[in-house]
Each structure stands twice: as structure tokens, then as C-alpha cells.
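The structure appears below as C-alpha cells.
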Amino acid sequence: MERIVEAVGELDGALVLTPEPGSGFPEESWGDAFFYHAPDGRIPARTQPYGTIVTRDRPGDTASALAPPGRWRVNVRTDRETFRELTGEDPRALARPRDHTAPDVLLPHPVYGALGWLCAVTPGPRTTDTVLRLLRAAHEAARPRERGTGPRTG
Numbered sequence: 002m003e004r005i006v007e008a009v010g011e012l013d014g015a016l017v018l019t020p021e022p023g024s025g026f027p028e029e030s031w032g033d034a035f036f037y038h039a040p041d042g043r044i045p046a047r048t049q050p051y052g053t054i055v056t057r058d059r060p061g062d063t064a065s066a067l068a069p070p071g072r073w074r075v076n077v078r079t080d081r082e083t084f085r086e087l088t089g090e091d092p093r094a095l096a097r098p099r100d101h102t103a104p105d106v107l108l109p110h111p112v113y114g115a116l117g118w119l120c121a122v123t124p125g126p127r128t129t130d131t132v133l134r135l136l137r138a139a140h141e142a143a144r145p146r147e148r149g150t151g152p153r154t155g
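Counting with the numbering used here, you get residues 2 to 155 for the letters of the sequence shown.
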């Protein structure tokens, strides 16, 4: 987990939030990580993170069985083409059964897969490099979504 947090933190304009006790963030987020493109160091007001690391199950998101010690899941937003390339399915038409508890396997996110999110439980030798590549691509893709950086019309 530390390797991924460190690698994302080294990206130009990255903001990595890692809530902990006393940070002002809700207790349920302590130990997790949230990745944004935010060159000014402030959480973007109207933008969701492009990647996260979660360390526990959440209501409505228990398919990865993150309760045992040492289990965590990295989640990353991808484009449709990359999603299809890596899963063999379109995110809006997921039909294959999957074991979301399997470690070190890249899968559609159990809740947000239809929105183009991929995940891996406790990434290891099979998935870490791919996860890092996806996070770098998601970071770059987040740049145009910054307010005021897109083309102006009229």
C-alpha cells in the first residue's frame, strides 16, 4: 500500500489524502487514501478522486471481504477502452461472475465497475505495475477536468 501511495504522491500536481485520527476526516476513512490532481494542494470542490485505497468494507460494498488484517483494495477510474482491454467487457454490460475476494487480481469494481472503475485487492506481483500505470493515466486524465483549464468557447 505504501508503494502505491508514494508513487502517486510523486506525480506532478498530485494530492494524496491519507486521513488519520485527529485529521478532521471521519473515522471510517482513517487508514484509507484518496488521490486527486490538485496542483494547489486543495481538495477539488466538485471532483471525485480518480483513485482510492480502502482498508475496510463499507455498507453496500462488502464483496471484497476487507475485514481480515492485511487486506485492502485499490480502486482506479479508467476510460472505456482501457476497461474493455483489461476485462474483456464493456463497463456498462458486465455479465461475467467474478470473485472480488481474490487478491492480486484486476477486476471491475464490485460497486462502481459499471462506471469504469477497476480494482485489485491487496495488489501483488501480478497487478501492482498495472495498477500504478492505471493510476498514472487516471492522474493525467484528471488534468482537463480542472476548472478553467478546458478550451473556452464564445
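All C-beta atoms, glycine included, are put in the ideal place defined by N, C-alpha and C.
Since we're looking at a predicted model, the values are computed, not measured.
A Cβ-Cβ distance of about 5 Å is found for the pair V122 and R74, placing them in contact under the 8 Å criterion. Excluding its 5 nearest sequence neighbours in each direction, T56 has C-beta neighbours in its own chain below 7 Å: G32, D33, L67, W73, listed in chain order.
In this chain, the beta strand (DSSP E) harbouring L18 covers 15–18. Residue state for P92 is assigned as helix, using DSSP reduced to three classes. Relative to the Cα of F35, the nearest Cα in the group G114, S24, Y51 belongs to Y51. For I5, the enclosing alpha helix (DSSP H) begins and ends at 3–10. In the structure shown, A34 adopts extended strand secondary structure according to DSSP, grouped into three states. Per DSSP, the beta-bridge partners of G52 are F36, V77. Beta-bridge pairing by DSSP links L107 to A121. For the set I44, D13, P40, the Cα lying nearest the Cα of T19 is the one of I44.
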